[in-house]
Amino acid sequence: MIDKTFPSAEAAVADIPDGASLAVGGFGLSGNPIALIQALLAQGTSDLSIVSNNCGVEDWGLGVLLQAKRIRKMTSSYVGENKEFERQFLSGELELELTPQGTLAEKLRAGGAGIAAFFTQTGVGTQVAEGGLPRRYDGAGGIAVASPAKDVRTFDVGGRTGDYVLEEAIVTDFALVHARRGDRHGNLVFNKAARNFNPLAAMAGRVCIAQVEELVEPGELDPDQVHLPGVFVHRIVEVGTGIEKRVERRTVANEGV
């Protein structure tokens, strides 16, 4: 039997070196692999290049690594909930590769599927394709690093001719993901919307580390209910069902409305 379990989050991330690239699951704070993130923070790993939909908030999710200045570059589609992210980016301390959300998802999936690149209409006619998006500022209001222009080609798809921009796949050194349940072989089941970017991030990492709320024995998961097969997962650690989960913004209706 292939037993991929690790005794703790700390043990699971212990060999992630300075300068590593990571694909990290989550959408907002939903589905964040917070135990693995905190373990990475505690061991002092720095100079990280992280691919994730966003960067958490100041005191939770990937925001804790950002606050400690452990992140060199973020590849994300949304960064609007983190004031420290804004400060570091505008001051030139942080590099940002801003990517349309669907394109980011497909870049991760393509990397995991062994597809080198793909063409999409998303971004055609904008700086996404034409280049010039700020990736790093110089600290004085100028652009130190800008995005390059991308290859654009014309295709006839189903009788409709249009331009498409070439997007390259993403493969990272490691992936950190969160799942509701998993078995010792690494098969994972996610909980509703907490699935989000987690399967895609898992696929893109050369070494995928999964934290699960409940660890079960092989055969206990219904094969038809498995969302991500264990072939994509290399390490798995149980963090318990009582792990803290935060919400970015809680909105409730006024009484009687």
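Everything in the sequence shown is counted per the numbering used here, starting at 165 for the first residue and increasing by one. We put the CB at the ideal spot given by N, CA and C, even for glycine. Given the structure is predicted, the values throughout are model-derived calculations rather than measurements.
Per DSSP, residue 345 is paired with what?
353, 378
Looking at residue 166: is its Cβ nearer than 8 Å to the Cβ of residue 186?
no
Please classify residue 345: is it buried, with 16 or more other beta-carbons within 10 angstroms of its beta-carbon, or exposed?
buried
Taking the alpha-carbon of residue 231 as reference, which of 205, 406, 295, 188 has the nearest alpha-carbon?
205
Report all residues from its chain with a CB closer than 6 Å to the CB of residue 170; omit the five preceding and five following residues, and keep chain order.
Listed in chain order, the non-local C-beta contacts of residue 170 below 6 Å within the same chain comprise 176, 399, 401, local neighbours out to five positions each way being set aside.
What did DSSP end up calling residue 259 once you bin it into helix, strand or coil?
strand
In terms of alpha-carbon separation, which member of 239, 180, 174 lies closest to residue 334?
239
What did DSSP end up calling residue 201 once you bin it into helix, strand or coil?
The three-state reading of DSSP puts residue 201 in helix, counting H, G and I together.
Applying the criterion that 16 or more other CB atoms from any shown protein chain within 10 Å of the CB defines a buried residue, is residue 216 buried or exposed?
buried
Answer yes or no: does any C-beta atom of chain D fall closer than 8 Å to that of residue 185?
The question asks about chain D, but that chain is absent: this structure has only one protein chain.
Helix, strand or coil: which one does DSSP assign to residue 220?
Coil.
Mapping DSSP to helix, strand and coil, what is residue 281?
strand
Is there contact between the region 375-387 and the region 219-230, where contact requires at least three CB pairs shorter than 8 Å?
no
Whole-angstrom Cβ separation of residue 234 and residue 260, contact assumed at under 8 Å?
Actually they are not in contact, since the Cβ atoms of residue 234 and residue 260 sit about 15 Å apart, beyond 8 Å.
Go ahead and label residue 182 buried or exposed: buried means 16 or more other beta carbons lie within 10 angstroms of its beta carbon, across all protein chains shown.
Its Cβ having fewer than 16 others within 10 Å, residue 182 is exposed.
Quick check: what's the CA-CA separation for residue 324 versus residue 295?
26 Å
Taking contact to mean 3 or more Cβ pairs, one atom from each stretch, closer than 8 Å, check whether the region 265-278 and the region 353-369 are in contact.
yes
Based on Cα-Cα distance, which residue from 394, 377, 415 lies nearest to residue 200?
377
Grab me the residues of residue 203's own chain with a C-beta within less than 8 Å of its C-beta, minus the 5 sequence neighbours each way, in chain order.
172, 173, 174, 176, 177
For a quick check, are the C-beta atoms of residue 269 and residue 331 less than 8 Å apart?
no
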